[in-house]
Amino acid sequence: MFFSKDEKNPIKRALQGELLQNEPFIQLCTKIESYLMDTEAVNEQLIELNEQLTMRLKEKGLKPGEKGATKQLRTLIQEILTEAGFREGMLQTIGNKPLKKEDFMFLVSSGFMLKDSSLRASSHGELTHAIQWCLIILKQKKDSSFLENIATSEICDRIYKKLGHQDSSNPNYPFTCWDVLIDKLGEIDSRSPEWLSDHIQNDENQIFPVLREVIKNRTEKGKTEENKGKLQKKLENPPEHYEKHEEIENILMPKPK
Numbered sequence: 001m002f003f004s005k006d007e008k009n010p011i012k013r014a015l016q017g018e019l020l021q022n023e024p025f026i027q028l029c030t031k032i033e034s035y036l037m038d039t040e041a042v043n044e045q046l047i048e049l050n051e052q053l054t055m056r057l058k059e060k061g062l063k064p065g066e067k068g069a070t071k072q073l074r075t076l077i078q079e080i081l082t083e084a085g086f087r088e089g090m091l092q093t094i095g096n097k098p099l100k101k102e103d104f105m106f107l108v109s110s111g112f113m114l115k116d117s118s119l120r121a122s123s124h125g126e127l128t129h130a131i132q133w134c135l136i137i138l139k140q141k142k143d144s145s146f147l148e149n150i151a152t153s154e155i156c157d158r159i160y161k162k163l164g165h166q167d168s169s170n171p172n173y174p175f176t177c178w179d180v181l182i183d184k185l186g187e188i189d190s191r192s193p194e195w196l197s198d199h200i201q202n203d204e205n206q207i208f209p210v211l212r213e214v215i216k217n218r219t220e221k222g223k224t225e226e227n228k229g230k231l232q233k234k235l236e237n238p239p240e241h242y243e244k245h246e247e248i249e250n251i252l253m254p255k256p257k
């Protein structure tokens, strides 16, 4: 069967309805896809993220391996995301059951970033999706032409939330637009969270050493039985700033400030 160039485009194949007709959105997604496939370009923003984290730890008198370093990385990530229009506070996934597709898409369409605490010890990583979006945001701040000169503050509304729209999933195609852009298992570039997490933790050229150490320590900590027990207790007795979602299992929501 003959396919036109557009019909072969995995982004378009993942869409339907109004999003399939939304050329500006498709163009933005295509730009993101191309960027995440360019490891050299991604490394530039990993270096920037590393520098910001290094400065923050220095101001707090912390070393990458010390308690509190991960909290500083989370805070930095959240500030970058909030600047781009994301909701304040990251949701936490806890437990062994994956989120239902409809629940996941609802949370994305609401502008929440997920912290995959249940995947902390896996090759996927806990903060990898958040880091992917930070890289996109930092790239746009450096070069506004990257995403067609949209304001940084519009990234969540113009792109991220739409990845949770019902039309970002086509029943005739096995992957959602989210899958194609930033959850592409098996790819050897930053579209795959597994690849990106491994890329950060290996950092053979030592170009983002502080970020590497913080992420690597977090991953190793996640493998301990003590950590697994803490996550379960967290779900049973949420910390002060979190609460269980009333309808979605194994999710902790940040309480409104």
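The numbers in the UniProt record's numbering rise by one with no breaks, and the one at position 180 of the sequence shown is 180. We treat Cβ as the ideally placed atom computed from N, Cα and C, and that holds for glycine. As the structure is a computational prediction, the values presented were derived from the model and not from experiment.
query	result
Going by C-alpha distance, which of L196, L163 and E48 is nearest V180?	L163
Please classify T219: is it buried, with 16 or more other beta-carbons within 10 angstroms of its beta-carbon, or exposed?	buried
Is it buried or exposed, G89, if we count other Cβ atoms within 10 angstroms and call 16 or more buried?	buried
Is it buried or exposed, K115, if we count other Cβ atoms within 10 angstroms and call 16 or more buried?	buried
Within a Cβ cutoff of 7 Å, which residues of the same chain sit near R158, ignoring the five residues on either side of it in sequence?	L28 and I150
How about L127 and I77: are their beta carbons less than 8 Å apart?	yes
For L73, decide whether its Cβ has a neighbour in chain C, counting only Cβ atoms nearer than 8 Å.	Although the question refers to chain C, the structure presented lacks it and comprises just one protein chain.
To the nearest angstrom, how far is it from the Cα of E240 to the Cα of F25?	38 Å
How should I207 be labelled, buried or exposed, when 16 other C-beta atoms within 10 angstroms of its C-beta is the threshold for buried?	exposed
For S197, I'd like the list of residues in its chain whose CB is within less than 8 Å of its CB, leaving aside the five on either flank, ordered along the chain.	S123, H124, G125, T128, I215 and T219
Between the region 182-195 and the region 93-101, can you find at least three pairs of beta-carbon atoms closer than 8 Å?	no
Could you give the distance in angstroms between the alpha-carbon of G17 and the alpha-carbon of K31?	21 Å
What is the DSSP secondary structure of M113, counted as helix, strand or coil?	coil
In terms of alpha-carbon separation, which member of D143, K12, L138 and E187 lies closest to E48?	L138
Going by alpha carbons, who is nearest to H75 out of E44, E213 and I131?	The question names His, yet the displayed sequence has Thr at residue 75. Cα-wise, what sits closest to T75 is I131.
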